[in-house]
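**Q**
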Amino acid sequence: GIGGKPTGVTPLTQSLLRLADDHDKHVRFQLAWTLGTVEFPDKADALAKLFRQAGADHWQLGALLNASTEQHAELIDELKKDTTFSKSIFSEIIFQNLETMRAGRLAKFSIRSEKSVYLPQVFKPAGKVDQDRAKVVEQFRAALAKRGDAKRGRVTFEQRCAACHKLGGVGRNIGPDLKSVRANGAEKLLISIIDPNREVAPQYVLHKVYSAKKKETIVGTIKYMSGSAMAMGLPDGSERQFFRSAADLVESTGMSLMPAGLEAGFSAGQMADLLAWVLEAE
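Counting with the numbering used here, you get residues 1450 to 1731 for the letters of the sequence shown.
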């Protein structure tokens, strides 16, 4: 969705990779989630190192599966070279999930503790393109060749986008910062608007969390998660904090916080206007 993944090894990426050797598991946990937002040539090596350090920590393993968005074959080969990892308690589950993602299917990570209590579940979104959404993208591709009117685009933005995005002094900061997103260009922006689930940064993936203590299911994005507590961003922009228990279920929908279909009723001209506003607004 809006908030795509940058590619290539940058100074920031190099700094992140150095954290893979950090002795603090909390640092490595945050690193795993961050790696899910970037793509670079040696990502498989970095993830393999973190998988080996994770041991039986299901939180680490869940975050690492979420970050395993590419190079599945290379990652599998790298992990199989390590006989210690291959003999670990969760290696079979990890390899099964990586093979599932390699085939482009939805992967599920679910384990039981020794006390037969269900531990967190993580669903990995498949990399396949939604063909129906792809057709809509093609229908609006003509907007890329039109010179849009940013003033008219602002009106459309206020009507369709301002509930979750802030730009030019208009809207709310729930979704990604559009000033950084627009650096990817008009075509990528068009795709993100029409097919928000094609590429979703982990921090904007909707999760369903069943709280055993509260006996309710909470839907939103994960702001913070540890073994004892969790903070979730709700679709209305508010934040929910609560204590966790081993019986809680954490399930990723693989879907973006941004709903599909916001272009309904648009003409190519109106889309060109919206693109102009997003690309030009200060």
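Here a beta-carbon is modelled for each residue, glycine too, at the ideal position from N, C-alpha and C.
Just so you know, these numbers come straight off a predicted model, no measurement behind them.
(1) Apart from the five residues on each side of it in sequence, which residues of its chain come closer than 7 Å, Cβ to Cβ, to Ser1464?
(2) Identify which residue in Leu1711, Gln1502, Val1487 and Glu1488 has its Cα closest to the Cα of Ala1469.
(3) May I have the straight-line CA-CA distance separating Pro1668 from Val1586, to the nearest angstrom?
(4) What distance in whole Å lies between the Cβ atoms of Ala1592 and Leu1639, which are believed to be in contact at a cut-off of 8 Å?
(5) Could you name each continuous beta strand (DSSP E) segment of 3 residues or more that falls completely within the stretch 1633-1678, going from the start of the chain to the end?
(6) Given that a residue counts as buried once 16 or more other Cβ atoms are within 10 Å of its Cβ, and exposed if not, what is Ser1675?
(7) What does Met1720 pair with, by DSSP beta-bridge criteria?
(8) Out of Asn1515, Gly1504, Glu1548 and Leu1514, which has the shortest C-alpha to C-alpha gap to Lys1536?
(9) Along the chain, where does the beta strand (DSSP E) that runs through Gln1520 open and close?
(10) Please list the terminal residues of the continuous alpha helix (DSSP H) segment that includes Gly1602.
(11) Give me the residue from Trp1726, Gly1718 and Phe1534 with the minimum Cα distance to Leu1600.
(12) Which same chain residues, not among the five before or five after Asp1531, have their C-beta less than 7 Å away from its C-beta?
(13) For Pro1625, does the count of other Cβ atoms within 10 angstroms reach 16, so buried, or fall short, so exposed?
(14) Between Phe1539 and Ile1525, is the Cβ-Cβ spacing less than 8 Å?
(15) Thinking C-beta only, is Trp1482 closer than 8 Å to Pro1645?
(16) Along the chain, where does the alpha helix (DSSP H) containing Val1586 start, and where does it finish?
**A** Looking at the coordinates:
(1) As a working note, residue 1464 is residue 15 in the sequence shown. The answer is none, since no qualifying residue turns up.
(2) Counting from one through the sequence shown, the residue named residue 1469 turns up at place 20. Out of Leu1711, Gln1502, Val1487 and Glu1488, Gln1502 has the C-alpha closest to the C-alpha of Ala1469.
(3) For the purposes of this step, residue 1668 is taken as residue 219 along the sequence shown, with counting starting at 1. For the purposes of this step, residue 1586 is taken as residue 137 along the sequence shown, with counting starting at 1. What sits at residue 1668 in the sequence shown is Val, not Pro. Approximately 28 Å, taken between the alpha carbons.
(4) Reading the sequence shown from its first residue, position 190 is the one you call residue 1639. Reading the sequence shown from its first residue, position 143 is the one you call residue 1592. So it is a contact: roughly 7 Å between Cβ atoms.
(5) 1654-1660 and 1665-1674
(6) Within the sequence shown, the letter at position 226 stands for residue 1675. Classification for Ser1675: exposed.
(7) Taking the first residue of the sequence shown as 1, we reach residue 1720 at position 271. Note: Met1720 sits in no beta bridge, so no partner.
(8) By 1-based counting over the sequence shown, the position of residue 1536 is 87. Looking at the Cα atoms, Gly1504 is the closest of the given residues.
(9) Walking along the sequence shown from the start, residue 1520 turns up at place 71. Neither: Gln1520 is in no beta strand (DSSP E) and is coded neither H nor E.
(10) Position 153 of the sequence shown, counted from the start, is the residue given in the question as residue 1602. That run of the alpha helix (DSSP H) goes Ala1599 to Arg1609.
(11) Within the sequence shown, the letter at position 151 stands for residue 1600. Residue 1600 is actually Lys in this sequence, not Leu. Looking at the Cα atoms, Trp1726 is the closest of the given residues.
(12) As a working mapping, residue 1531 is identified with position 82 in the sequence shown. These residues qualify, in order along the chain: Arg1501.
(13) For the purposes of this step, residue 1625 is taken as the residue at position 176 of the sequence shown. Counting Cβ neighbours within 10 Å, Pro1625 comes out buried, since at least 16 surround it.
(14) In the sequence shown, counting from the first residue as 1, residue 1539 sits at position 90. In the sequence shown, counting from the first residue as 1, residue 1525 sits at position 76. Not in contact: Phe1539 and Ile1525 (Cβ atoms no closer than 8 Å).
(15) The sequence position of residue 1645 within the sequence shown is 196, counting from 1. The sequence position of residue 1482 within the sequence shown is 33, counting from 1. Not in contact: Pro1645 and Trp1482 (Cβ atoms no closer than 8 Å).
(16) Position 137 of the sequence shown, counted from the first residue, corresponds to residue 1586. Gln1580 to Phe1589 is the extent of the alpha helix (DSSP H) around Val1586.
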